[in-house]
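Following: one structure in structure tokens, then a few remarks.
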Amino acid sequence: MELEVKELVKHYGKKQALKGINASLTEGVYGFLGPNGAGKSTFMNILTGNLKATSGQILYDGEDIRKLGREFRGLLGYMPQQQALYPNFTAEGFLAYMAALRDMKRSEASKRIPQVLAKVGLSEVAGDKIKSFSGGMKQRLLIAQAVIADPRVLVLDEPTAGLDPKQRIAIRNLISEIAAGKIVIIATHVVTDVESAANRILLIREGELVADASREEMVTTLSGRVFELKIPQSELKSLETNPAYLMGNISRERETLFVRVICDGKPEGYEATPVRPGLEDVYLSYFRE
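Here the working numbering is used: the first residue of the sequence shown is 284, the next is one more, and so on.
Quick look at the structure:
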């Protein structure tokens, strides 16, 4: 099973949203990371058939997904970012409706729906109306509809958007559980959504794929370049304006600040402690935000 993206380009008038994207995806979880407006949604809309690429192609096991058409869409599961759910549907009724849209046989759907609801932890509210659900429950229902037909390719758009920390962890754990045997693409600008779950990270900036590697490989590129500085509040301004330092997290202990920075070589003139780089540091180094 392979999804191959070849020289994918998309223009909106004079704006070039995708600039020759190339990638090869096999079974596993992929974090598609980039700031808002980087091209993630355009890529997903082309993959799901909602947009046509200006040029280039996406192949599934060597076949163009546009030629595969309905056959490929039958292998695809998609979770949108927006919680556009029917408030008066029950969870069970909504999944039955989505199964019908996917041309699943009624006998197959009736067997699959309880299994999926159990997987996402919604069995006890199967008969409750969606309007009574919390944000986290709605996100789990969106995942349920995406996997109702046991897709081979699963695309998740900002799966933890608007959730509190506990709900974010629950959704990330759920994604890891259902990912076996699939190509899973998580498109997000939230680093923690993919830091533990993704096998590979793809960084996209202004329509270009600027990095494609495992988390470990990406983090290794910053070895020896990430430090925690201990400084007084009065020195923060000068540190912020110093082009030699890229600032990350700041924490305070009384009048002392602990500032995480990325730089070349050990900082001079500061009390500096080397720290292990993380994916958030990698994101910061590429996107400066």
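The beta-carbon is built from N, C-alpha and C at its ideal position, and this holds for glycine as well. What you are looking at is a predicted structure, and each value in this text was computed from that prediction instead of being measured.
> Is it buried or exposed for L378, if we count other Cβ within 10 angstroms and need 16 for buried?
Replying inline: Numbered from 1 along the sequence shown, position 95 holds the residue referred to as residue 378. Classification for L378: buried.
>> On the criterion of 16 or more Cβ atoms from any shown chain inside 10 Å, does T443 qualify as buried, or is it exposed?
In response: To locate residue 443, count along the sequence shown from 1; it is residue 160. Answer is buried; the Cβ neighbour count reaches 16.
> Is it the case that the Cβ atoms of Y303 and L316 are separated by a distance below 9 Å?
Replying inline: To locate residue 303, count along the sequence shown from 1; it is residue 20. To locate residue 316, count along the sequence shown from 1; it is residue 33. According to the sequence displayed, residue 303 carries Gly and not Tyr. In this structure, L316 does not lie closer than 9 Å to G303 by Cβ.
> What residue ranges within the region 462 to 490 form continuous beta strand (DSSP E) runs of no fewer than 3 residues, ordered along the chain?
Replying inline: 466 to 471, 483 to 488
>> Just to confirm my understanding: we take V347, look at its own chain, exclude 5 residues before and 5 after, and list those with CB closer than 8 Å. What are they?
In response: Taking the sequence shown and counting its residues from 1, one reaches residue 347 at position 64. It is worth fixing the name first, because residue 347 is Asp in this sequence and not Val. Q340, I341, listed in sequence order.
> Counting only runs that start and end within the region 304 to 364, where is the beta strand (DSSP E) found for 3 or more residues in a row?
Replying inline: 311 to 316, 338 to 343, 359 to 362
> Which same chain residues, not among the five before or five after G311, have their C-beta less than 6 Å away from its C-beta?
Replying inline: In the sequence shown, counting from the first residue as 1, residue 311 sits at position 28. Closer than 6 Å at the Cβ level, and outside the excluded window around G311, lie N482.
> Based on Cα-Cα distance, which residue from I487, K412, T331, I461 lies nearest to A306?
Replying inline: Position 23 of the sequence shown, counted from the first residue, corresponds to residue 306. Measuring from the Cα of A306, the nearest candidate turns out to be I487.
>> Looking at the ligand GTP, does it come within less than 8 Å of K449, judged from the CB to the closest heavy atom?
In response: This structure lacks the ligand GTP, and indeed carries no ligand of any kind.
> Assuming A470 contacts L439 under a Cβ cut-off of 8 Å, what Cβ separation, rounded to an integer in Å, is found between them?
Replying inline: The sequence position of residue 470 within the sequence shown is 187, counting from 1. The sequence position of residue 439 within the sequence shown is 156, counting from 1. That belief holds up - the Cβ atoms of A470 and L439 are roughly 7 Å apart, short of 8 Å.
>> Checking 9 Å against the spacing of the C-beta atoms, do V408 and A427 come in under that value?
In response: Numbered from 1 along the sequence shown, position 125 holds the residue referred to as residue 408. Numbered from 1 along the sequence shown, position 144 holds the residue referred to as residue 427. Contact flag unset, no.
>> By alpha-carbon positions, which one of I413, L308, I431 ends up nearest to Y369?
In response: In the sequence shown, counting from the first residue as 1, residue 369 sits at position 86. Closest by alpha carbon: I413.
> Going by Cα to Cα distance, which pick from G314, G360, P515 is closest to L330?
Replying inline: Start at 1 with the first residue of the sequence shown, and residue 330 comes out as number 47. If we check each option's Cα against that of L330, G360 comes out closest.
> Excluding the five sequence neighbours on either side, which residues of its own chain have a C-beta within less than 7 Å of the C-beta of E538, listed in chain order?
Replying inline: In the sequence shown, the residue the question calls residue 538 occupies position 255. The answer, listed in chain order, is P515, Q516.
>> Buried or exposed for G490, going by 16 or more other Cβ atoms inside 10 Å?
In response: Indexing the sequence shown from 1 puts residue 490 at position 207. Buried is the call here.
> Could you give the uninterrupted runs of the alpha helix (DSSP H) lying entirely in the region 404 to 431, keeping only those of 4 residues or more?
Replying inline: 418 to 430
>> Can you give me the C-alpha to C-alpha distance between Y569 and T325, rounded to a whole angstrom?
In response: In the sequence shown, residue 569 corresponds to position 286, counting from 1. In the sequence shown, residue 325 corresponds to position 42, counting from 1. Y569 and T325: Cα-Cα distance of roughly 20 Å.
> Among the residues of its own chain, which have a CB less than 7 Å from the CB of N319, if the five just before and after it don't count?
Replying inline: Within the sequence shown, residue 319 is the residue found at index 36, counting from 1. Answer for N319: H472, listed in chain order.
>> According to DSSP, simplified to helix, strand and coil, what is D440?
In response: Translated into the one-based positions of the sequence shown, residue 440 becomes position 157. In this structure, D440 counts as strand in the three-state DSSP scheme.
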